[in-house]
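Trainee: Take a look at the following structure, please.
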Amino acid sequence: MKTGSDKQGWMPTLTLAKLFEEQNQFLDALAAYELISQTDSSPAVRQKIEALHLRILTDPNARYDPRIEKLFSPEELAYLKILNHSAFDNLSQVVNRMQEGLDETDFVFEPEVEIAPEEANDLQSILSEIEQHAQQTEILGLEDATEFNTADLIMALLSRYGKDTLLRDIKLADFLSLVADMQNRRRKND
Numbered sequence: 327m328k329t330g331s332d333k334q335g336w337m338p339t340l341t342l343a344k345l346f347e348e349q350n351q352f353l354d355a356l357a358a359y360e361l362i363s364q365t366d367s368s369p370a371v372r373q374k375i376e377a378l379h380l381r382i383l384t385d386p387n388a389r390y391d392p393r394i395e396k397l398f399s400p401e402e403l404a405y406l407k408i409l410n411h412s413a414f415d416n417l418s419q420v421v422n423r424m425q426e427g428l429d430e431t432d433f434v435f436e437p438e439v440e441i442a443p444e445e446a447n448d449l450q451s452i453l454s455e456i457e458q459h460a461q462q463t464e465i466l467g468l469e470d471a472t473e474f475n476t477a478d479l480i481m482a483l484l485s486r487y488g489k490d491t492l493l494r495d496i497k498l499a500d501f502l503s504l505v506a507d508m509q510n511r512r513r514k515n516d
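Laid out in structure tokens, this is it:
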């Protein structure tokens, strides 16, 4: 990394950007190249940025809001450079961290874990129990509670996403936001 006298403190190098790219950390690599392009506007850097944009935007695992998918084809999403919400949030966080001078990457997203058939039955029974509990309990009382427990969290998840929502369709940021909202409500009531 180069250190500088400007207020950013340091700028990512091409070596760091290439390392991110080789490790399939495409958002980190894109953020590094974007910051490098502020001082180096060479065609090679621009080409890397364009290639990473295309790579990120054409990711078949990217999940967009269904309304956006109805409005735009995958080609239009790539042409207009429309990122899905989680990719945009992650890219923003990486850029902010790099601008603050933090050289560590905390976010590592592992590939989806496959559930073994014998574990699927256990998971199904747990989900059935959660569903039964949610149907028996009134969710409206959640707003006035002063303390929340895991049952309240599960009810809030079910009320927001429904029982048939796959776990992979729930964004980590949305889940954490729900937990934070519940904690903030508790603090306001204290």
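Heads up: take any position in the sequence shown, counting from 1, add 326, and you land on our numbering.
Heads up, the beta-carbon is just placed ideally off N, CA and C, and yes, glycines get one too.
(1) From Thr339 to Phe346, what distance separates their C-alpha atoms?
(2) First and last residue of the alpha helix (DSSP H) that includes Ala343?
(3) State the CB to CB distance for the pair Ala499 and Asp415, rounded to an integer number of angstroms; the pair is presumed to be in contact (CB under 8 Å).
(4) Check each candidate in Gln419, Met481, Ile362 and name the one with the smallest Cα separation from Val505.
(5) In this structure, does DSSP put Leu504 in helix, strand or coil?
(6) Which value, in whole angstroms, describes the spacing of the CA atoms of Ser418 and Leu353?
(7) Assuming Leu383 contacts Leu403 under a Cβ cut-off of 8 Å, what Cβ separation, rounded to an integer in Å, is found between them?
(8) What does the Cβ neighbour count give for Ile351, buried or exposed, with the cut at 16 atoms within 10 Å?
(9) Specify, as a first and last residue, the run of the alpha helix (DSSP H) that Leu531 falls within.
(10) Can you give the beta carbon distance from Ile518 to Leu484, rounded, assuming they're within the 8 Å contact cut?
(11) Alpha carbon to alpha carbon, how far is Arg348 from Ile496?
(12) Look at the alpha carbon of Leu502 and the alpha carbon of Ile375, and state the distance between them as a whole number of angstroms.
(13) Which whole-angstrom value is the C-beta distance of Leu453 and Lys489, which I expect to be below 8 Å?
(14) Between the Cα of Met508 and the Cα atoms of Thr491, Arg486, Phe474, which residue gives the shortest distance?
Mentor: Let's see:
(1) Their backbone Cα atoms lie some 11 Å apart in a straight line.
(2) Its alpha helix (DSSP H) spans residues 340–348.
(3) About 6 Å; that satisfies the 8 Å criterion.
(4) Between Val505 and the set Gln419, Met481, Ile362, the nearest pair of CA atoms involves Met481.
(5) Three-state DSSP puts Leu504 in a helix.
(6) Between the alpha carbons of Ser418 and Leu353 lies a distance of about 9 Å.
(7) About 6 Å separates the two Cβ atoms, so the contact holds.
(8) Checking the sequence shown, residue 351 turns out to be Gln, not Ile. Answer is buried; the Cβ neighbour count reaches 16.
(9) The structure shown does not extend to residue 531, since the chain spans only 327 to 516, so no value can be given for it.
(10) Lying before the first or after the last residue shown, residue 518 is absent from the chain, which here runs from 327 to 516.
(11) In the sequence on display, residue 348 carries Glu and not Arg. Within the model, the alpha-carbon separation for Glu348 versus Ile496 is close to 28 Å.
(12) Each residue's Cα considered, the two are about 30 Å apart.
(13) Going by Cβ atoms, the distance from Leu453 to Lys489 rounds to 7 Å, so yes, they are a contact pair.
(14) Nearest to Met508 by alpha-carbon distance, out of Thr491, Arg486, Phe474, is Phe474.
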